[in-house]
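**Student:**
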Amino acid sequence: MIKIPQKILDDIKTLDFYFDTVRIINPVEKKIYNIENKNDIHSSNKLPCHAIWNSYSPCKNCISMRAINEDTSLIKFEENSGKIFIITAIPLKLDNSSLVIELVKDITGQKLLDSISPANIGSLENYSLKKTIEKLNDIVIRDELTQVYNRKYIIERLPIDILDSIKNKFTLAIVLTDIDYFKKINDNYGHLVGDEVIKKFANILVNNTRKNQDWVARYGGEEFLICIKYAKKESIPSLIEHIRQSIENEKFDTSAGIISITSSFGGYILKNETINVLDALRIADENLYKAKNSGRNKIYCS
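Letter 125 of the sequence shown, counting from 1, is numbered 648 in my numbering, and no numbers are missing.
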């Protein structure tokens with residue numbers, strides 16, 4: 524049970540008049556909280572918070588996670604079953620718990636959409652507005668150069684995947700990788716060519732991971748993170764080694780000519796233990812350092 528102040532409870536009751544759905548959620552655990560008598564709230568185990576969008580998996584662009592991380596209220600649009608919704612996420616701290624008040628309103632057909640939609644919206648299955656909303660939501664979590672996920676996505680998604688792996692007892696590996704001697708590429712060929720190499724490097728990472736299970740994000744500069752899910756623990760080092768070999772064997776065709784590169788990998792395989800994101804990233808980063816310190820173009824997992 525979590526105690527909720529009477530003032531917040533009164534505000535929530537007022538908001539019920541203006542929004543279709545008003546709810547309190549924990550975006551990390553994906554829990555919905557029910558408001559009980561005597562100002563108590565408790566989590567409901569029936570459905571995760573993303574079930575409201577008829578989705579079996581967490582939202583890629585989770586506005587509530589971002590509201591907590593940035594400690595500010597945020598708004599986004601969402602399309603579901605031919606309707607357009609506006610979602611407001613307000614961070615809320617109760618009993619040292621980081622929660623979010625989510626306000627959801629159906630705005631299909633309202634004047635807010637008149638300037639960007641045809642006279643009759645109807646079904647949005649093939650309508651460009653649906654694609655526009657998806658694209659706008661996706662832009663927030665994509666790296667502009669490589670189009671893989673960005674650091675913001677890592678901060679928002681990794682805590683969810685770590686908790687999910689512990690709860691559902693599946694293997695999860697966090698892998699950090701970067702391009703060996705990348706500074707020499709920038710010094711010898713310039714930063715534009717360096718960007719070409721980074722972009723092609725990211726493409727190889729994506730093409731060598733499973734589309735609907737793993738994900739790749741740019742951690743910063745020439746460093747990337749790979750999240751590997753549901754793989755057998757003993758097979759993960761060989762999966763990483765396959766990626767390393769793919770990069771080593773690739774001829775990077777750039778505007779300055781053919782360039783060959785190598786890369787180093789540091790992997791941390793979670794063993795169903797409770798660990799926060801910063802510690803998990805620190806271990807993966809230490810393993811990357813060990814791979815580079817032992818001669819580069821190597822992998823090191825623990």
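Note that CB positions come from ideal geometry on N, CA and C, so glycine has one too.
Excluding the five sequence neighbours on either side, which residues of its own chain have a C-beta within less than 8 Å of the C-beta of D539, listed in chain order?
**Tutor:** Taken in chain order, the residues that qualify are V545.
**Student:** Taking the alpha-carbon positions, what's the E746 to N577 distance?
**Tutor:** Rounded to the nearest angstrom, the two C-alpha atoms are 35 Å apart.
**Student:** Measure the alpha-carbon distance for F705 versus I630 and round it to whole angstroms.
**Tutor:** Distance between the alpha carbons of F705 and I630: 49 Å.
**Student:** Can you grab the Cα-Cα spacing for the pair L699 / G780, in whole Å?
**Tutor:** C-alpha separation (whole angstroms): 28 Å.
**Student:** Distance check for L622 and P528, CA to CA, integer angstroms please.
**Tutor:** If I take the Cα positions, the gap works out to 14 Å.
**Student:** According to the Cβ coordinates, are V479 and V671 closer than 8 Å?
**Tutor:** Only positions 524 to 825 of the chain appear in the structure, and residue 479 is not among them; the question remains open.
**Student:** Roughly how many angstroms separate the alpha carbons of P641 and G632, rounded to a whole number?
**Tutor:** Since pLDDT at P641 reaches only 43, below the 50 mark, its modelled position is unreliable, and no value is offered.
**Student:** Report yes if the CB atom of R805 is closer than 8 Å to the CB atom of S786, and no otherwise.
**Tutor:** In this structure, S786 does not lie closer than 8 Å to R805 by Cβ.
**Student:** Inspect the beta-carbon positions of F600 and I613 and report whether they are closer than 8 Å.
**Tutor:** No; because the gap between Cβ atoms is not below 8 Å, this pair is not in contact.
**Student:** Alpha carbon to alpha carbon, how far is D534 from I677? Give it in angstroms, no decimals.
**Tutor:** So the alpha carbons of these two residues sit roughly 33 Å apart.
**Student:** In this structure, what does DSSP give as the bridge partners for Y791?
**Tutor:** DSSP, once it has assigned bridges, lists I697 as partnering Y791.
**Student:** With DSSP run on the structure shown, which of helix, strand or coil describes Y541?
**Tutor:** Residue state, collapsed to three classes: coil.
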